Amino acid sequence: MKNQGSVLSIRKITVVGVLAGISIVLGLTPLGFIPVGPTRATIMHIPVIIGAIAEGPLVGGMIGLIFGLFSIFQAIINPTPVSFVFLNPVVSVLPRILIGVSTYYVYNFLRGLKERKIFWLLNIILGGIIVYLGHGIYSNIVGGRGIWILLMNGLLILLTIGIGIYGHGQLKDKAIDIIIATIVGTLTNTVGVLLSIYLLYGERFVLGMGQDPSMARKVILGIGVANGIPEMIIGVIVVGNVMAVLKGREK
5 MKNQGSVLSI RKITVVGVLA GISIVLGLTP LGFIPVGPTR ATIMHIPVII
55 GAIAEGPLVG GMIGLIFGLF SIFQAIINPT PVSFVFLNPV VSVLPRILIG
105 VSTYYVYNFL RGLKERKIFW LLNIILGGII VYLGHGIYSN IVGGRGIWIL
155 LMNGLLILLT IGIGIYGHGQ LKDKAIDIII ATIVGTLTNT VGVLLSIYLL
205 YGERFVLGMG QDPSMARKVI LGIGVANGIP EMIIGVIVVG NVMAVLKGRE
255 K
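In my numbering, the protein residues as written are 5 to 255.
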């Protein structure tokens, strides 16, 4: 039993090292940012999600910790007008640790449900996102705002529908629990980081971006929608395929 425990411990440490290293490499190179329409979606959180699903919340949390510490390091050596927010571990570290924790426990919970119930849960989540984006389109039309905002929201709706179609196709492979866990993990990162920024540095952060500080809530919410949904889509595709390969090897 002692030897088995040692092997398990070595395996987990190895997984943490490899996936954390991948996350750092993604952050240091353009590989970590993929253009999606008018925005760039980060995939640096994906190794955290994979580690959590494959090895549990401790491994996922440790990879997230390294991801968060690297964010602080980046803010120090390569500062921008808004990098100061990432010097605070509440912004840069805590949400990244929670990615691994939330992903694992959602995945573990969903494994106990029937596939059809999980599918309906996915539909509810995606339906809520589509309704929100649709309301944004309506508000922009009524307010007479720029056409690019309408186009962006329309693109995001199409991408969200794409997740639903992809999820339906994965139902037969029983991978839909991974899809929902990935969505939750991605939202944990996006919402956790941006909510902490809003609560702690809202107006100062928006001012650093060259925007009107009085519009802090709308600006930060806009960032969350514009980046969060593409990141969620890419995460679902990458994590779903990686986990399919890993499960295939286990068989």
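Ideal placement from N, C-alpha and C gives every residue a C-beta, glycine not left out. Bear in mind the structure is a predicted one, so any value in this text is a computation, not a measurement.
Secondary structure of residue i, DSSP reduced to three states
| i | result |
| --- | --- |
| residue 46 | strand |
| residue 246 | helix |
| residue 215 | coil |
| residue 41 | Because residue 41 carries a pLDDT of 49, less than 50, the predicted location of this residue cannot be relied on, and the following value inherits that uncertainty. DSSP places residue 41 in coil when its eight states are reduced to three. |
Member of the options whose CA lies at the smallest distance from the CA of residue i
| i | options | result |
| --- | --- | --- |
| residue 160 | 53, 78 and 237 | 237 |
| residue 227 | 239, 240 and 213 | 213 |
| residue 243 | 58, 13 and 222 | 58 |
| residue 98 | 166, 230, 196 and 34 | 196 |
| residue 166 | 151, 200, 127 and 199 | 127 |
| residue 33 | 14, 131, 15 and 78 | 78 |
| residue 230 | 93, 131, 129 and 198 | 198 |
| residue 188 | 16, 250 and 125 | 125 |
| residue 131 | 250, 117 and 169 | 169 |
| residue 93 | 234, 241, 204 and 250 | 204 |
Spatial neighbours of residue i in its chain, beta-carbon cut-off 7 Å, leaving aside the 5 residues before and after
| i | result |
| --- | --- |
| residue 114 | 122, 181, 184 and 185 |
| residue 30 | 36, 47 and 48 |
| residue 61 | 104, 105, 108 and 109 |
| residue 101 | 65, 68, 69 and 72 |
| residue 246 | 54 |
| residue 215 | 223 |
| residue 151 | none |
| residue 250 | 58 |
CB of residue i within 7 Å of CB of residue j, strictly
| i | j | result |
| --- | --- | --- |
| residue 23 | residue 81 | no |
| residue 26 | residue 51 | yes |
| residue 72 | residue 19 | no |
| residue 239 | residue 164 | no |
| residue 192 | residue 232 | no |
| residue 200 | residue 95 | yes |
| residue 88 | residue 28 | no |
Any C-beta of chain B under 7 Å from that of residue i
| i | result |
| --- | --- |
| residue 182 | The structure shown has no chain B; it contains just one protein chain. |
Spatial neighbours of residue i in its chain, beta-carbon cut-off 6 Å, leaving aside the 5 residues before and after
| i | result |
| --- | --- |
| residue 202 | 224 |
| residue 85 | 212 |
| residue 206 | 220 |
| residue 133 | 164 |
| residue 63 | 16, 19, 20 and 55 |
Proximal residues to residue i (C-beta, below 8 Å), its chain only, five neighbours per side dropped
| i | result |
| --- | --- |
| residue 219 | 210 |
| residue 90 | 75, 76, 78, 79 and 96 |
TODO: Let me know the alpha helix (DSSP H) ranges lying completely inside the region 54 to 101, each 4 residues or longer, listed in chain order.
DONE: 61 to 81 and 93 to 96
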